[in-house]
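In this text, residue positions in the sequence shown follow this note's numbering: the first is 3, and each later residue adds one. Ideal Cβ placement from N, Cα and C applies to all residues, glycine included. The structure presented is a predicted model; accordingly, all values stated were derived computationally and were not measured. The next block holds one structure in the form of structure tokens; read it before the comments.
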Amino acid sequence: MSRRPAAASAVLLIAGVLALSGCTSTVSLQPAADADDPACADVTVRLPALVDGEERRWTDAQATGAWGDPASVILTCGVTPPGPTTLPCQSVNGVDWIIDESEAPRYRVTTFGRTPAVEVYLDNDLVSSAAVLDTLSRVVSVLPADGSACTDAGTTP
């Protein structure tokens, strides 16, 4: 029996995997402290292939997601839930987000009133923050809500 067909099949399989994975590299991230929370697994399995037209990329940390090349959206599940703050808070599709604009046009938005919390870091020069939060709010809405919510003034209590 010849080894050539088996070797040729292996080469074709590897070439196929490389073609499917594209030329983008893995995004190196750090997992959050509570990344192993089972609720983060519920979020991770629901992460979409596209966010505002940006394709999802592989990451090397549990309970994370990244989109774009370079990564213009990074999601981390299992971050410490934020407490009261004077930062703006916005509700999108039933999920409240605290918005940190201190590094604009790069924004750090964190779920409020959900445990575990999810943090999204996005580059508003490359993606629309409204489109990103619209898409990802549908995903993180599976996280348990603790009853806390944004106030009418757009801040957390």
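{"query": "At least three beta-carbon pairs within less than 8 Å, the region 98-112 to the region 46-59", "result": "no"}
{"query": "DSSP state of Ser-104 mapped onto helix, strand, coil", "result": "strand"}
{"query": "Delimiting residues of the alpha helix (DSSP H) encompassing Arg-58", "result": "That residue, Arg-58, is in no alpha helix (DSSP H); its beta strand (DSSP E) goes 56-59."}
{"query": "Contact under 8 Å by Cβ, Gly-118 with Cys-42", "result": "Per the sequence shown, residue 118 should be read as Pro rather than Gly. The answer is yes: Cβ separation under 8 Å."}
{"query": "Cβ-Cβ distance between Gly-80 and Pro-33 below 8 Å", "result": "yes"}
{"query": "Exposure of Ala-73, with buried meaning 16 or more beta-carbon neighbours within 10 Å", "result": "buried"}
{"query": "Rounded separation between Asp-38 and Thr-66 - CA only", "result": "11 Å"}
{"query": "Identified DSSP bridge partners for Ser-93", "result": "Asp-98"}
{"query": "Contact under 8 Å by Cβ, Val-144 with Asp-44", "result": "yes"}
{"query": "For Pro-83 and Arg-116, believed in contact at Cβ under 8 Å, the rounded distance", "result": "7 Å"}
{"query": "Backbone secondary structure at Ser-23 - three-state DSSP", "result": "Per-residue confidence for Ser-23 stands at a pLDDT of 43, beneath the threshold of 50, marking its modelled position as unreliable; the derived number appears in the next sentence. Three-state result, Ser-23: helix."}
{"query": "Beta-bridge partners of Thr-78, as assigned by DSSP", "result": "Thr-66 and Glu-121"}
{"query": "Per-residue DSSP class, three states only, for Ala-147", "result": "strand"}
{"query": "Contacts around Glu-121, its chain only, beta-carbon distance under 6 Å, and the 5 residues preceding and following it disregarded", "result": "Thr-78, Val-81 and Thr-112"}
{"query": "Bridge-paired residues (DSSP) for Val-53", "result": "Glu-56"}
{"query": "Terminal residues of the alpha helix (DSSP H) in which Ser-30 lies", "result": "No alpha helix (DSSP H) holds Ser-30; DSSP gives it neither H nor E."}
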